[in-house]
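Using this note's numbering, the first residue of the sequence shown is number 1005, and each one after it goes up by one.
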Amino acid sequence: MPDEKPDYERTIVQLAGEVAALREIVASIIINLPERAMHNVAAGIRGHLCDLDHKVRETQNDNWRDYAAAAHNLAAPLEDAISMWIDDLIEGSRLRTIQPYPINPIDQVDRQRGY
């Protein structure tokens, strides 16, 4: 990278570019996961956001509020995309690139769909 600065001197524009790149990397990984793994990722996102909301209510701190708002702004489109990708897999409009390992019927939550 030309004119590379130490981490503590990065500008907001550089940080925004890094976040955008990480968002694309994460999305490209998630889109190739099996359906139930996508559900797990979405649940993890929701859990993290709930933890942040709790922290904001607990601390009443503007920095935490801004941090949580940024996390929500990043996570909301990702959650919507995950939901859309799952629907596409269910409808058959997108092919699975990684086949899920079969779940033992005793452990299945939704037996009709096999997971």
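Backbone N, C-alpha and C define an ideal beta-carbon position, used for all residues, glycine too.
- DSSP, read as helix, strand or coil, puts P1081 in helix.
- Per DSSP, the unbroken alpha helix (DSSP H) holding R1050 starts and ends at 1039-1063.
- In the DSSP assignment, V1030 falls within the unbroken alpha helix (DSSP H) covering 1016-1034.
- Looking at the backbone, the Cα of L1026 and that of A1075 are separated by about 13 Å.
- In the structure shown, N1067 adopts helical secondary structure according to DSSP, grouped into three states.
- DSSP, read as helix, strand or coil, puts I1107 in coil.
- In this structure, the beta-carbon distance from R1115 to P1106 does not fall below 9 Å.
- Between the beta-carbon of L1053 and that of A1079 there is about 6 Å, and that keeps the pair under the 8 Å contact cut.
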